[in-house]
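Engineer: Numbering (the working numbering) for the sequence shown: 7 to 284. C-beta atoms are modelled at their ideal positions from N, C-alpha and C, and glycine is treated no differently.
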Amino acid sequence: MAESLAECVGTFILILFGNGAVAVSVLTGAFDLWAVALMWFLGVALGVYASGAVSGGHINPAVTLGLATFADFPWRKVPAYVVAQIAGAFLASLAIFVPWSGVIAGFESSEQLTRGEPGSQLSGIIFTTYAPNPAIVGTDQAAIDQVSLAQWFGSEVIITAMLVFGIMYLIAEINDSRPLANLAPAMIGLLVAALVAYEAPVSMAALNPARDLGPRIFMLLAGWDQIAFPGPRGGWWIPTVSTIVGGLIGGAFYRYAYSWVFPKPAPVGRAPAEARGE
């Protein structure tokens with residue numbers, strides 16, 4: 007129970023900072039892409055710091071599944087972790103919506119958007135991801151056609167594979183250049199910020215099934231309807247499935263690349279109590 011609560015809280019912090027920054031950017035124009043990426047860095051770092059001592063600080067189902075498949079994280083804990091992560095992202099969306107709801111409605115009015123109708127993904131990006139990024143390319147069909155569904159899926163696979171490999175590399179005991187334990191969350195946050203800055207114009211860099219699915223469920227309840235599910239292109243499932251696939255590829259690359267060159271990878275991803283055999 008404590009581990010699940012920690013994952014929920016850590017993911018809540020991640021999404022509150024990250025999607026909160028997107029809200030500021032979309033609704034006020036006060037944040038540019040680099041400022042948003044910086045806030046994702048802070049969200050990741052603080053979320054991992056808040057949860058790491060209790061649960062290992064996964065705050066991402068792609069990380070949890072990668073560690074369960076290719077490290078030694080117990081499969082019996084995976085369902086509770088994933089549910090907690092999605093719940094944390096959902097609750098963070100609610101926490102963003104409550105103070106910003108009037109501003110969001112005013113933005114939709116000024117942009118002549120009807121929530122739940124085509125085009126309202128421009129306000130929906132506060133919570134979830136679309137490809138290409140509506141805030142950068144627009145929402146008409148010509149803009150949408152700039153990135154195919156296959157490109158969307160593939161780009162998320164690549165960046166999530168990089169993320170999970172990077173996390174496992176940064177915390178592996180056989181990595182002599184790994185950061186000190188209290189610096190690892192910040193280094194992981196920097197990796198996420200770099201991937202967000204690079205990928206945001208194409209797919210908005212979901213990187214995390216909970217980051218997209220939890221807020222998308224909230225959007226459905228808050229009136230975005232078909233813009234949430236199935237999405238403007240029927241692609242609601244892409245940020246969830248592609249990031250899981252990418253996480254597994256990244257975990258496999260860590261495991262087998264390291265097994266060729268180094269000794270067997272040290273266990274990673276366990277909660278501290280498990281690592282001590284408690």
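Below 8 Å on the Cβ atoms is my contact criterion, and I expect Gly122 with Gly229 to pass it. Report the Cβ-Cβ distance as a whole number of Å.
Structural biologist: Reading the sequence shown from its first residue, position 116 is the one you call residue 122. Reading the sequence shown from its first residue, position 223 is the one you call residue 229. Yes, they are in contact, since the Cβ atoms of Gly122 and Gly229 sit about 6 Å apart, within 8 Å.
Engineer: Just confirm the distance between the C-beta atoms of Phe133 and Phe37, as a whole number of angstroms; I'd bet it's less than 8 Å.
Structural biologist: Looking up residue 133 in the sequence shown gives position 127. Looking up residue 37 in the sequence shown gives position 31. The pair is not a contact, with the Cβ atoms about 16 Å apart (cut-off 8 Å).
Engineer: Around the C-beta of Trp286, are 16 or more other C-beta atoms found within 10 angstroms, so that it is buried, or is it exposed?
Structural biologist: No answer is possible for residue 286: it lies beyond the span of the chain, which begins at 7 and ends at 284.
Engineer: Rounded to whole angstroms, what is the Cα-Cα separation between Val42 and Ile21?
Structural biologist: Against the sequence shown, residue 42 aligns to sequence position 36. Against the sequence shown, residue 21 aligns to sequence position 15. Between Val42 and Ile21, the C-alpha separation is close to 12 Å.
Engineer: In this structure, how does DSSP classify Met210 when only helix, strand and coil are distinguished?
Structural biologist: Here residue 210 is taken as the residue at index 204 of the sequence shown, counted from 1. Coil.
Engineer: For Leu119, does the three-state DSSP call read helix, strand or coil?
Structural biologist: What you label residue 119 is simply residue 113 of the sequence shown in a count that begins at 1. Looking at Leu119 - three-state DSSP - the assignment turns out to be coil, as it is neither helix nor strand.
Engineer: If we count the other Cβ atoms within 10 Å of its Cβ and call it buried at 16 or more, is Tyr262 buried or exposed?
Structural biologist: Sequence index remark: in the sequence shown, residue 262 carries index 256 (1-based). Flag for Tyr262 reads exposed.
Engineer: Is the number of C-beta pairs between the segment 48-66 and the segment 12-19 that are closer than 8 Å three or more?
Structural biologist: For the pair of segments examined, the segment 48-66 was found to touch the segment 12-19: the number of CB pairs separated by less than 8 Å reaches three.
Engineer: Under DSSP, the alpha helix (DSSP H) around Pro140 begins and ends at which residues?
Structural biologist: If you number the sequence shown from 1, residue 140 lands on position 134. Its alpha helix (DSSP H) spans residues Pro140 to Val143.
Engineer: Among the residues of its own chain, which have a CB less than 7 Å from the CB of Phe18, if the five just before and after it don't count?
Structural biologist: Here the question's residue 18 lines up with position 12 in the sequence shown. So the qualifying residues of the chain are Gly94, Leu97 and Ala98.
Engineer: By the three-class DSSP mapping on this structure, what secondary structure does Val109 have?
Structural biologist: Looking up residue 109 in the sequence shown gives position 103. Here Val109 sits in helix by DSSP.
Engineer: Is Gly253 near Val69, with beta carbons less than 8 Å apart?
Structural biologist: What you label residue 253 is simply residue 247 of the sequence shown in a count that begins at 1. What you label residue 69 is simply residue 63 of the sequence shown in a count that begins at 1. Yes, they are a contact pair.
Engineer: So, is Glu205 buried or exposed, given that buried needs 16 or more other C-beta atoms within 10 angstroms?
Structural biologist: The residue labelled residue 205 in the question sits at position 199 within the sequence shown. Classification for Glu205: buried.
Engineer: Just to confirm, are Val50 and Leu71 a CB contact at a threshold of 8 Å?
Structural biologist: Indexing the sequence shown from 1 puts residue 50 at position 44. Indexing the sequence shown from 1 puts residue 71 at position 65. No, the Cβ-Cβ distance between Val50 and Leu71 is not below 8 Å.
Engineer: Which term fits Gly172, buried or exposed, when burial requires 16 or more other beta carbons within 10 angstroms of its beta carbon?
Structural biologist: Counting from one through the sequence shown, the residue named residue 172 turns up at place 166. With 16 or more Cβ atoms within 10 Å of its Cβ, Gly172 is classed as buried.
Engineer: I want to know whether the segment 179-187 touches the segment 99-108 - three or more CB-CB distances under 8 Å.
Structural biologist: No: fewer than three Cβ pairs fall under 8 Å.
Engineer: Is Arg261 helix, strand or coil when you go by DSSP?
Structural biologist: Walking along the sequence shown from the start, residue 261 turns up at place 255. Arg261 falls in the helix class under three-state DSSP.
Engineer: Helix, strand or coil: how does DSSP classify Trp46 here?
Structural biologist: Walking along the sequence shown from the start, residue 46 turns up at place 40. DSSP places Trp46 in helix when its eight states are reduced to three.
Engineer: Look at the Cβ atom of Ala234, then the Cβ atom of Gly125, and state whether they are nearer than 8 Å.
Structural biologist: By one-based count along the sequence shown, residue 234 stands at place 228. By one-based count along the sequence shown, residue 125 stands at place 119. No; because the gap between Cβ atoms is not below 8 Å, this pair is not in contact.
Engineer: By Cβ distance, which residues of its chain are closer than 7 Å to Tyr175, with the 5 residues on each side in sequence left out?
Structural biologist: As a working note, residue 175 is residue 169 in the sequence shown. If we look at Tyr175 and ignore the five residues flanking it on each side, its Cβ neighbours are Asn181 and Tyr260.
Engineer: According to DSSP, is Tyr345 part of a helix, a strand, or is it coil?
Structural biologist: The requested residue 345 does not occur in the structure, where the chain is confined to residues 7 to 284.
Engineer: Beta-carbon within less than 7 Å of Leu44's beta-carbon, same chain only, minus the 5 sequence neighbours each way: which residues are those?
Structural biologist: Against the sequence shown, residue 44 aligns to sequence position 38. Result list for Leu44: Ala199, in chain order.
Engineer: Output the distance between the C-alpha atoms of Arg239 and Gln147, rounded to the nearest integer angstrom.
Structural biologist: For this step, residue 239 is matched to residue 233 along the sequence shown. For this step, residue 147 is matched to residue 141 along the sequence shown. Cα to Cα, the separation comes out at about 10 Å.
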